[in-house]
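Report on the structure given below.
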Amino acid sequence: MATETGAALEPWGIKPSPLPLRAALALGAGSLIASFYIGTGDVAVATSMGAQFGFQLLWTYLLLSVAGFALIDMSVRYFLVTGKTPVSIFKDLHPVLSLYLFATVVVTGIFGSFSQWNACALVLTGLFPGLPVELSGGLSALVALVFLWTGFYRRVERAFVAALILLVGCFFASGLLVGVPWGEAVRGLVPRSPQGRWFPLFMANAGSMLNAWLILIYPYTMMEKGWRPKELRAQVDLLHRVRLDYAWGILAAALVALPIMGTAAAVLRPFGILPRSYMDFGVLLEPLAGPASTWLFLAGLFVAAWTSGVGWWMSSTYAVLDFYRLPLRIDSRAARKCLVLFFVPSAAMLAIRLNPIYQILIFAAFLASAFPILALALAWRLWKRDIGYFRWTLKNSRGTVVVLLDLFAIGLSVYVGWTNLGEVLGFQR
-15 MATETGAALE PWGIKPSPLP LRAALALGAG SLIASFYIGT GDVAVATSMG
35 AQFGFQLLWT YLLLSVAGFA LIDMSVRYFL VTGKTPVSIF KDLHPVLSLY
85 LFATVVVTGI FGSFSQWNAC ALVLTGLFPG LPVELSGGLS ALVALVFLWT
135 GFYRRVERAF VAALILLVGC FFASGLLVGV PWGEAVRGLV PRSPQGRWFP
185 LFMANAGSML NAWLILIYPY TMMEKGWRPK ELRAQVDLLH RVRLDYAWGI
235 LAAALVALPI MGTAAAVLRP FGILPRSYMD FGVLLEPLAG PASTWLFLAG
285 LFVAAWTSGV GWWMSSTYAV LDFYRLPLRI DSRAARKCLV LFFVPSAAML
335 AIRLNPIYQI LIFAAFLASA FPILALALAW RLWKRDIGYF RWTLKNSRGT
385 VVVLLDLFAI GLSVYVGWTN LGEVLGFQR
């Protein structure tokens, strides 16, 4: 009699068990994923989209959410079979690739968090003009360091659930005070090409939504929780559960973009105003909707930036620990030392007021090259037969859908990554 092993069953032949309500509502790690998506770059892109096109580009979030889901799903399936994170693929391919990924983790972890602490500083100095930028940014980073040092994973997860609810509430409340035409958002879900230069905004959004470290971080959260059963049936049921979790995290990023786009459409678009920064946008809200709208928007921006900075530190710390084969726990001594190594340079860059142009160029170049390489590495690994039950197959409908989603995500990642890299390096004009 056949047993439920990868060799005895056709791939994707087991129907997942119904998910209990309590398990369906356990969306903690998904909220961590969402916070990593939602940072200052996402706020800036959503603001520009709303100011120029209203809700007409809302469909791009849906398209990119599908690709982001598939990329995370690939890393989770690899982890369920092998018990390894995607970093191990690079070690198997070639040592040079492993060194490249390590350098990318360190550089993007430092620069990515620095940009978020800088945004926190701008918000605090905007609300409290007497507060120096260096002090407000350094305090934001220090609070993040203390938060991660004194917490453990479950506490961090719960805090991010609360933070996600708070920032979503702030942005929607700010939009309600402005009077956003919510009905137009439904039409924005229909793919179309509006008049104007919308494609660069799509590419910028894709560079954020297909973030390389989102491919890596979810298996680390599963390792923190001890989520890797040995039995195939339990693995299938677990995959069903975590898919709901990270799908929620990805969709939450689109949900946050909705009120930002709507607010920009109501406040800026009628006058043809394109703000230079998200801080300018926050100030422009006051004449139309009053100071409460500005305060709510800036509060949401601060929470988004702060949680994204924490997310950069966490994901980069996990990756560094993985490279050195250290315990993958955020409350370990090694993790705390690693967090300090990310804190010191990012705080130092705040103190010397590093020109953000250089930071953005270096950060964008590393990030643009990383996620297409990660996607191709996962594809190279997942088509092999030793992946067993979770391998690619066209023999049934579930397997076919998985293959199509994976290929779509890989193709989009390669196109967006190398296109953005060409723009950063000046190959495309």
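Straight run, no breaks: the sequence shown in the numbering used here ends on number 413.
We put the beta carbon where it would ideally sit given N, CA and C, even for glycine.
For clarity, every value in this text was computed on a predicted model and none was experimentally measured.
Leaving out five residues before and five after residue i in sequence, what residues of the same chain have Cβ atoms less than 7 Å from its Cβ?
| i | result |
| --- | --- |
| S353 | G401, L405 |
| A241 | D26, A30, Y45 |
| A157 | L280 |
| P356 | S397, V398, G401, W402 |
| P0 | V220, D221, H224 |
| A18 | L148, G233, A236, A237 |
| A318 | L305, L310, P311 |
Looking only at its chain, what residues have a beta carbon closer than 6 Å to the beta carbon of residue i, apart from the 5 residues adjacent to it on each side?
| i | result |
| --- | --- |
| L396 | A51 |
| I314 | Y137 |
| A331 | G122, A125 |
| S(-2) | Before going on, a small fix: residue -2 reads as Ile here, not Ser. Cβ within range, chain order: V220. |
| G34 | M245, A248, A249 |
| G96 | W296 |
| A190 | L48, V400 |
| G383 | P(-5), W(-4), T377 |
| I22 | A237, V240, A288 |
| R320 | W133 |
| R413 | Note that R413 has pLDDT 46, beneath the 50 cutoff, so the model's placement of it is unreliable and the number below is only indicative. Once the five neighbours on either side are set aside, R413 has no close Cβ partner at all. |
For residue i versus residue j, is the C-beta distance shorter than 8 Å?
| i | j | result |
| --- | --- | --- |
| N102 | G122 | no |
| S299 | F63 | no |
| C104 | A359 | no |
| Y202 | S49 | no |
| L389 | F186 | no |
| D306 | V71 | yes |
| G159 | L282 | no |
| L132 | L325 | no |
| V386 | W(-4) | yes |
| R227 | G67 | no |
| S15 | L148 | yes |
| W232 | F37 | no |
| P243 | F155 | yes |
| L285 | G266 | yes |
| V287 | L81 | no |
| F74 | A361 | yes |
| T92 | F347 | yes |
| Q343 | F53 | no |
| L366 | R61 | yes |
| E141 | A13 | yes |
Measuring from the CB of residue i, is there a heavy atom of the ligand SAM at a distance below 7 Å?
| i | result |
| --- | --- |
| R138 | In the structure shown, the ligand SAM is absent, as is every other ligand, since no ligand is present at all. |
Our contact map puts residue i next to residue j with C-beta atoms below 8 Å; I'd like the distance itself, whole angstroms only.
| i | j | result |
| --- | --- | --- |
| G302 | Y230 | Inspection of the sequence shows that residue 302 is occupied by Tyr rather than by Gly. The Cβ separation is near 16 Å, so there is no contact. |
| L169 | F39 | The sequence given here has Ala at residue 169, not Leu. Rounded, the Cβ-Cβ distance is 5 Å, consistent with contact. |
| T88 | F327 | Actually they do not touch by this definition, with Cβ atoms about 19 Å apart. |
| I94 | P329 | 5 Å |
| G293 | A146 | G293 to A146, Cβ: 17 Å. No contact. |
| L3 | L194 | That belief does not hold up - the Cβ atoms of L3 and L194 are roughly 27 Å apart, past 8 Å. |
Within the same chain, show all residues whose beta-carbon is closer than 8 Å to that of residue i, passing over the 5 residues directly before and after it, in chain order.
| i | result |
| --- | --- |
| T(-11) | A caution first: T(-11) carries a pLDDT of 44, below 50, which makes its placement in the model unreliable, though a value can still be read off. Here the set comprises L216, G372, Y373. |
| L268 | V251, L252, I257, P259 |
| A335 | E118, G122 |
| G274 | L161 |
| I199 | L55, I56, M58, S59, P70, F355, L358, A359, L362 |
| T24 | S99, Q100, A103, Y262, L285, A288, A289, S292 |
| L115 | L108, T109 |
| G135 | A143, I314, D315 |
Got a sec: is the Cβ-Cβ distance from residue i to anything in chain B below 8 Å?
| i | result |
| --- | --- |
| M245 | Reference to chain B is not applicable here, since this structure consists of a single protein chain. |
>> Under 8 Å: do the region 158 to 175 and the region 233 to 252 share three or more Cβ pairs, one atom per stretch?
In response: Note that the region 158 to 175 touches the region 233 to 252; at least 3 beta-carbon pairs, one per stretch, sit closer than 8 Å.
>> Can you confirm whether the region 261 to 268 touches the region 104 to 115 when touching is taken to mean that 3 or more C-beta pairs between the two stretches lie within less than 8 Å?
In response: yes
> Going along the chain, which unbroken runs of the alpha helix (DSSP H) with 4 or more residues stay wholly within the region 94 to 134?
Replying inline: 117 to 134
> Which residue spans inside the region 314 to 352 form an unbroken beta strand (DSSP E) run of at least 3?
Replying inline: Qualifying beta strand (DSSP E) stretches: none in this window.
> In chain order, which beta strand (DSSP E) runs of at least 3 residues are fully inside the region 6 to 79?
Replying inline: none
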